[in-house]
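Residue numbering for the sequence shown follows the working numbering, starting at 86 and increasing by one per position.
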Amino acid sequence: MDVPTDRPDTAVQPRRLAGDTFVFESITNSGYTNGVLIDTGPEPEAYAGWPISDVLITHGHADHFSSAAALRRGGARIIAPREEVSLVENPEVNIRGMFSWARPSDAMVTKLFRGDGAKVDGYADEWKGAGIDGIPLPGHTLGHSGYLTADGVLFSADAVYQRAMWQRHPLPYAIDPGLVASSLSVIESLDFDWLVPGHGVPTGREEALLDIAHHRERMEAISASLLAHLAEPLTTEQAIAALSRDAGLSDNAPEYWLAVTTVKAYLSDLVREGSAEFFVRDHAGWWRTV
Ligand SMILES: [Zn+2]
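Below is the structure:
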């Protein structure tokens, strides 16, 4: 397609990666091919002049669908993975999940989880069009999905953290590290020439494969370090503190609450694989190696 010319001067020009697939690079990257937008950046004005019939959402974290409600008001249909629909329609569901369904105070909640909900018009697994394949890549969230365009561009959202991103995010949010690892293998098996992460820069296949290998190595190192800490029994709080200290996280409430979910996910993985156990003592939850 041709690049629209009637756009505001201030709008960031998207980049054509391959064929008819474009990327709008922003704090959250979004993709565009033949009238279909994949995720959204924070500014709906960025898409002025680009006709959008459908918006495909990768997962229910609000920083990936910030402009969805506005684009839907403009006539676009919103499509999301089945397990993510309630989170996209009401970001409060994800926020409550973070806090074991109790109501957290505002100061505890990362701004990445806050935003306008958008009514979802269809499920990603039933949606067909524009030569795009939806690829389930769970682990970051339950229904997290990537989208592969006919031009060989994979929009992988938060399934892979590029090497440079690990500096800023040494303990990437995951609800299930085992599923993150299998999703990394799925990505390796896909026929793509470009990978566009949710945050970071589009890269060619060779670089992306190095990022995937690095992501896998880092996760294995986190898991091994946690297991080493559990040679002495630790409460859940102590385990969270140990991994957060290793990662060099700062002491702030939103970062702490994200780490709670991620560390519990690693702890639970160790129990499922039989290398650690959980018990309750003195009314606290404890973990130790077996
Ligand atoms: Zn996310």
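In this text, a Cβ means the ideal position worked out from N, Cα and C, and glycines have one as well. Owing to the predicted nature of the structure, the values given are computational and were not obtained by experimental measurement.
For ligand 1, I want to know if residue i counts as a neighbour, meaning its beta carbon is within less than 7 Å of at least one of the ligand's heavy atoms.
i: residue 124; result: no
i: residue 278; result: no
i: residue 146; result: yes
i: residue 261; result: no
i: residue 254; result: no
i: residue 300; result: no
i: residue 368; result: no
i: residue 218; result: no
i: residue 314; result: no
i: residue 243; result: yes
Would you grab the beta carbon distance between residue i and residue j for me? Rounded to a whole angstrom, and I think it's under 8 Å.
i: residue 166; j: residue 209; result: 5 Å
i: residue 328; j: residue 256; result: 6 Å
i: residue 141; j: residue 112; result: Wrong, their Cβ atoms sit about 19 Å apart, outside the cutoff.
i: residue 298; j: residue 149; result: No, residue 298 and residue 149 are not in contact; Cβ-Cβ is about 25 Å, not under 8 Å.
Which residues in the same chain have their Cβ closer than 6 Å to the Cβ of residue i, if we skip the five residues on either side of it in sequence?
i: residue 200; result: 147, 151, 176
i: residue 218; result: 233
i: residue 171; result: 178
i: residue 293; result: 280
i: residue 318; result: 371, 373
i: residue 331; result: 310
i: residue 306; result: none
i: residue 235; result: 216
Whose C-alpha, out of the options, is nearest the C-alpha of residue i?
i: residue 194; options: 303, 363, 345, 134; result: 345
i: residue 127; options: 138, 118, 156, 136; result: 156
i: residue 119; options: 137, 131, 129; result: 137
i: residue 189; options: 339, 366, 239; result: 339
i: residue 143; options: 240, 112, 192; result: 240
i: residue 308; options: 265, 296, 290; result: 265
i: residue 254; options: 291, 168, 284, 100; result: 284
i: residue 185; options: 343, 288, 369; result: 343
i: residue 295; options: 129, 364, 249; result: 249
i: residue 364; options: 336, 321, 212; result: 321
i: residue 271; options: 230, 299, 252, 154; result: 230
i: residue 180; options: 135, 114, 198, 169; result: 198
i: residue 282; options: 116, 98, 100; result: 116
i: residue 288; options: 158, 334, 326, 247; result: 247
i: residue 341; options: 109, 183, 114, 169; result: 183
i: residue 192; options: 369, 123, 337; result: 337
Near residue i, what residues of its chain come up, given a Cβ to Cβ distance below 8 Å and the 5 sequence neighbours on each side ignored?
i: residue 174; result: 202, 203, 204, 205
i: residue 302; result: none
i: residue 324; result: 311, 314, 315, 348, 352, 372
Residues in its own chain within less than 7 Å of residue i by CB, not counting five upstream and five downstream?
i: residue 414; result: The chain is shown only over 86 to 375; residue 414 falls outside these bounds and no answer can be derived.
i: residue 268; result: 222, 223, 224, 244
i: residue 121; result: 138, 139, 141, 214, 215, 217
i: residue 207; result: 162, 164
i: residue 335; result: none
Measuring CB atoms only, is the region 259-269 touching the region 353-370, in the sense that at least three cross pairs come out at less than 8 Å? Three or more Cβ pairs closer than 8 Å define a contact, and the region 259-269 meets that threshold against the region 353-370.
With three or more C-beta pairs closer than 8 Å as the rule, is the region 264-275 touching the region 99-110? no
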